[in-house]
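Step one of this worksheet: look at the structure below.
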Amino acid sequence: MDEKRTMLQLLREVAAGTVAPEEALLKVKEAPFEDLGYAKVDFHRGVRQGTAEVIYGAGKTPEQIAGIARKMGERGCRNILITRMEEAAADRVAQAVPLDYHPEARLGLAFPGEQARRGTIVVATGGTSDIPVAEEAALTAEAMGNAVTRLYDVGVAGLHRLLAHLDTLMSARCVVAVAGMEGALASVIGGLVDCPVIAVPTSVGYGASFGGLSALLSMLNSCASGCSVVNIDNGFGAGFLASRINQMEGLEE
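Heads up: the sequence shown begins at 1 in the UniProt record's numbering, then just goes up one per residue.
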């Protein structure tokens, strides 16, 4: 949200007469993006979407990741998400920019700073094997300023484990349900809560799970209303969407 706040502050200063319109126009014209050759860093992403650009780490060299993050940091961006970054790359990036790295989720946070904790997002998993994807979702949501409650290993093979947390589920503004195998967790949660449920199929499972396709199809065909589905193992996408839902709810308060 840093870029949006900066833009709003600039407009307030123009309205108050402390900044000349010409000076403000120059700052706006300088802001949109910077061409690094290998990447065009979008500084207006936060103004348009409310959150800064996220760096997809897979396929980029550590030097490219660090270069993008450094340029964003110079423009005041904090808590810059770097997804799908392997530990060896993270070690090299950390030599160039301040970095908090979470190896289980393969997620880094460059220029880490204070994080707000708005609303309530619950991230639940069917099993322990789903935790890496769930952590990607949870850490993404936290970096975007949301309070996250984790409910791990509460799958339908032992339904009493999930039912023991009904109060937590029913007080959430959004639930992220992460599951492999047959992906039944999302339908069960969807039948219990009155908030949106984001289903995340994972590639966890035996042969006929087809690398998460079985869970994906089950979730797409859920009989519980109010469930949306992201792609297989896409914890980041689920965490981002959950943040949008949670913070839209917060604006109504």
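Yeah, the Cβ is synthetic: ideal placement off N, Cα and C, and Gly gets one too.
None of these values were measured; they are calculated from a predicted model.
Exposed unless 16 or more other CB atoms sit within 10 angstroms - verdict on residue i
i, result
"Glu-253", "Unreliable placement is indicated for Glu-253, whose pLDDT of 47 sits below 50; no coordinate value is reported for it."
"Leu-159", "exposed"
"Leu-99", "buried"
"Tyr-101", "buried"
"Glu-86", "exposed"
"Pro-32", "exposed"
"Phe-210", "exposed"
Nearest-angstrom Cβ-Cβ length linking residue i and residue j, presumed shorter than 8 Å
i, j, result
"Met-72", "Val-41", "6 Å"
"Ser-218", "Ala-184", "7 Å"
"Ala-124", "Leu-163", "Contact doesn't hold; Cβ gap of about 12 Å is too wide."
"Arg-173", "Cys-195", "6 Å"
"Arg-106", "Gly-145", "In fact, because the Cβ distance is near 22 Å, the residues do not count as touching under 8 Å."
Residue i vs residue j beta-carbon contact at 8 Å
i, j, result
"Leu-220", "Val-229", "yes"
"Gly-126", "Gly-155", "yes"
"Ser-214", "Glu-182", "yes"
"Gly-205", "Ile-232", "no"
"Gly-239", "Ala-90", "no"
"Asn-224", "Gly-190", "Rather than Asn, the amino acid found at residue 224 in this sequence is Ala. A contact, by the Cβ cut-off of 8 Å."
"Val-19", "Leu-26", "no"
"residue 255", "Ala-39", "A query on residue 255 cannot be resolved here, the shown segment of the chain reaching from 1 to 253 and no further."
"Val-93", "Ile-65", "yes"
"Ile-121", "Ala-147", "yes"
Chain B within 8 Å of residue i, Cβ atoms only
i, result
"Asp-233", "Considering every chain present, this structure includes no chain B. It has just one protein chain."
Original post:
Looking at C-beta atoms only, is the number of pairs between the stretch 53-60 and the stretch 78-86 that lie closer than 8 Å three or more?
Top reply: Between the stretch 53-60 and the stretch 78-86 there are three or more inter-stretch CB-CB distances shorter than 8 Å, so the stretches are counted as touching.
Subject >> Stretch pair the stretch 126-133 + the stretch 195-210: three plus CB contacts closer than 8 Å >> reply: At 8 Å Cβ cutoff, the stretches touch.
Original post:
Counting only runs that start and end within the UniProt domain "PurE" (119-251), where is the alpha helix (DSSP H) found for 4 or more residues in a row?
Top reply: For the UniProt domain "PurE" (119-251), whole alpha helix (DSSP H) runs of length 4 or above, ordered along the chain, are 131-143, 159-163, 166-170, 185-190, 213-220, 235-251.
Original post:
What alpha helix (DSSP H) runs, 4 residues minimum, are completely inside the stretch 57-119?
Top reply: Taken in chain order, the unbroken stretches of alpha helix (DSSP H) that lie wholly in the stretch 57-119 and span 4 residues or more are 62-74, 87-93.
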